[in-house]
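Working notes, beginning with the structure itself.
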Amino acid sequence: MAQYGWTEAEVYLKNCTVLKGEANLTMMSKTVNLKKEKVKFRTSKKGKKSKYTPDKVDYIIFTIEYKEKEGKKKITKTKKAKYIPVYLNKKQTKLGFVELIVDGKLRLVGRTVLVQSGGNMMFPAHPSVPNSTALYSPVYFLDHNEIMLLKEGEKPEVFNQVSLTKSFKNRAADYFKDCPSLQNKIKNKELKKEDLETTVNYYNSSCN
3 MAQYGWTEAE VYLKNCTVLK GEANLTMMSK TVNLKKEKVK FRTSKKGKKS KYTPDKVDYI
63 IFTIEYKEKE GKKKITKTKK AKYIPVYLNK KQTKLGFVEL IVDGKLRLVG RTVLVQSGGN
123 MMFPAHPSVP NSTALYSPVY FLDHNEIMLL KEGEKPEVFN QVSLTKSFKN RAADYFKDCP
183 SLQNKIKNKE LKKEDLETTV NYYNSSCN
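For what it's worth, the numbering used here labels the leading residue of the sequence shown as 3, then goes sequentially.
And the structure:
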């Protein structure tokens with residue numbers, strides 16, 4: 003979640019300008035859109051801040067620091083995360099930033115939103131991943147509380163959250179009905195919720 007605080011970044015604007023310095027994404031509420039989503043930018047810690055809405059941005063590359071255990075020590079490493087603006091509603095009137103996890107005709111993207119609990123706004127670490135499976139979940143399940151599938155011209159579909167009416171298997175099988183071979187893999191439980199990256203890669207390479 004470093005990108006929701008000041009983080010080293012390169013912001014690529016639609017007017018071909020590239021801004022290098024630090025950027026900060028606005029974390030939005032899941033249910034209440036109190037303000038327009040935007041990215042804040044500054045060249046340095048004491049630099050002047052500027053703001054850009056998603057319609058002005060082509061993409062953002064964040065350089066994120068994280069710790070990884072090697073033996074008995076925790077080593078600080080860095081990774082690149084690419085964020086792109088996408089339409090979040092069916093009418094394509096609401097733009098927001100998402101992390102691009104897998105690119106292609108079908109995209110796998112992630113997003114972190116504030117959720118309401120007991121009248122207070124809070125961010126759950128990984129609200130949709132049961133404790134029994136959290137250790138085996140891909141890292142992007144822990145980075146975001148909304149993991150979505152995105153087809154060109156369509157509203158993103160959230161796939162990591164529990165549905166009261168349909169299991170993941172039934173939802174995914176219905177979503178991928180245009181690719182029978184993938185649909186069968188899902189129905190036979192060869193591919194499960196934690197295999198979304200593999201599922202998307204299969205769709206992009208093997209489905210028409």
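Built from N, CA and C at the ideal position, the CB exists for glycine as well. Since the model is a prediction, treat every value here as computed from it, not as a measurement.
Under the DSSP definition of a beta bridge, E148 partners with R113. Beta-bridge pairing by DSSP links A25 to T9, F43. At the C-beta level, V41 and I63 stay beyond 8 Å of one another. DSSP places T19 in no beta strand (DSSP E); its state is neither H nor E. In this chain, F64 is not harboured by any alpha helix (DSSP H); it is covered by the beta strand (DSSP E) spanning 59 to 72. In the three-state reduction of the DSSP assignment, L15 falls in the strand class, which pools E and B. In the displayed model, E192 falls within coil according to three-state DSSP, outside both helix and strand. Note on geometry: alpha-carbon atoms of R44 and N17 lie some 18 Å from one another. Take the alpha-carbon of T9 and the one of P182: they are about 42 Å apart. Residue pairing by DSSP places Y54 opposite V41 in a beta bridge. Judged by beta-carbon spacing, E148 lies within the 8 Å limit of G112, meaning their Cβ atoms are closer than that value. As the crow flies, the alpha-carbon of T114 is around 20 Å from that of E12. Shown here, T201 sits in a helix according to DSSP, grouped into three states.
In the three-state scheme derived from DSSP, where H, G and I count as helix and E and B as strand, S183 is classed as helix. Beta-bridge analysis with DSSP links Y85 to I62, E101. By the CB criterion at 8 Å, P87 and L102 fall outside the cutoff. Of the residues K38, S169, N162, E70, the one whose Cα lies closest to the Cα of D57 is K38.
Within a 10 Å sphere around the beta-carbon of E159 sit fewer than 16 other beta-carbons, which makes this residue exposed. For K171, the enclosing alpha helix (DSSP H) stretches over residues 170 to 177.
Inter-residue distance for S208 and Q185 is about 12 Å (C-alpha atoms, whole angstroms).
Linking E156 to K76 through their CA atoms gives a straight-line distance of about 41 Å.
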